[in-house]
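Following our numbering, the numbering of the sequence shown begins with 1 at its first residue and continues without gaps. Virtual Cβ for every residue (Gly too), placed ideally from N, Cα, C.
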Amino acid sequence: MAEIDKKTIVLGTIGSDAHMIGIWVIRKALEAAGFKVIFLGAVVPQEEFINAAIESNAGAILVSSLYGMGPIDCEGMRQKCIESGLSDVLLYVGGCLVAPAEVAKKWQVVHDQFIQMGFSRVFPNDTLPEDIIKALNQDLRIAE
């Protein structure tokens, strides 16, 4: 496998989620910060994220989920990355990851659930794009 391109990011909305506005804003911010974004759009299966990361030698996969089904759509994604030779790829997830609203208010529980699922970082839906960029630069060891 070729060396990863730290500045290439795969981005999209996972599963049956069709929410696009937030991920579009993140896309524009990443591009403005100098990242090459492989934008997959909405309603993207796990395998499509992984295949795009393999084809582009991406340093990170960023998954958005806003309709509350994150645990279902994201379960097993880290294992599929490992099986596909992407054991070291950064795997970020963010959005309104769980339902109902009462559970979503317990952010630490949600955060820990996704970390246990193998995600490198977990972001709430009110995360600013610059916070994601800062995390990418730190995790990929890119000089700002």
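**Which listed residue (Val37, Cys96 and Lys106) has its alpha carbon closest to that of Ala53** = The option with the nearest alpha carbon to Ala53 is Val37.
**Asked** Are the beta-carbon atoms of Ser64 and Asp73 separated by less than 8 Å?
**Response** Not a contact, by the Cβ cut-off of 8 Å.
**Message:** Contact defined as beta carbons within less than 8 Å: I believe Val122 pairs with Gly76. What is the distance between those atoms, to the nearest angstrom?
**Reply:** At roughly 16 Å, the Cβ-Cβ gap does not stay under 8 Å, so Val122 and Gly76 are not in contact.
**Prompt:** Going by the CB atoms, is the gap between Val89 and Ala58 shorter than 8 Å?
**Reply:** Taking 8 Å as the Cβ cut-off, Ala58 and Val89 qualify as a contacting pair.
**Prompt:** By a C-beta neighbour count over all protein chains shown, 10 Å radius and 16 as the cutoff for buried, is Val109 buried or exposed?
**Reply:** Counting other Cβ atoms within 10 Å of its Cβ, Val109 stays below 16 and is therefore classed as exposed.
**Request:** Look at the Cβ atom of Gly41, then the Cβ atom of Gly12, and state whether they are nearer than 8 Å.
**Result:** Yes, the Cβ-Cβ distance between Gly41 and Gly12 is below 8 Å.
**Request:** Measure the Cβ-Cβ separation of Pro129 and Ala29 and say whether it is below 8 Å.
**Result:** Pro129 is a Cβ neighbour of Ala29, given a cutoff of 8 Å.
**Request:** Could you have a look at Gly85 and say whether DSSP puts it in helix, strand or coil?
**Result:** Correct three-state label for Gly85: coil.
**Message:** By DSSP's criteria, Lys36 is part of a beta bridge. Which residues make up the other side?
**Reply:** Partner(s): Thr8.
**Request:** Please check the pair Gln116 and Pro71, which I expect to be a contact at CB under 8 Å, by giving their CB distance rounded to whole angstroms.
**Result:** Between the beta-carbon of Gln116 and that of Pro71 there is about 11 Å, and that puts the pair past the 8 Å contact cut.
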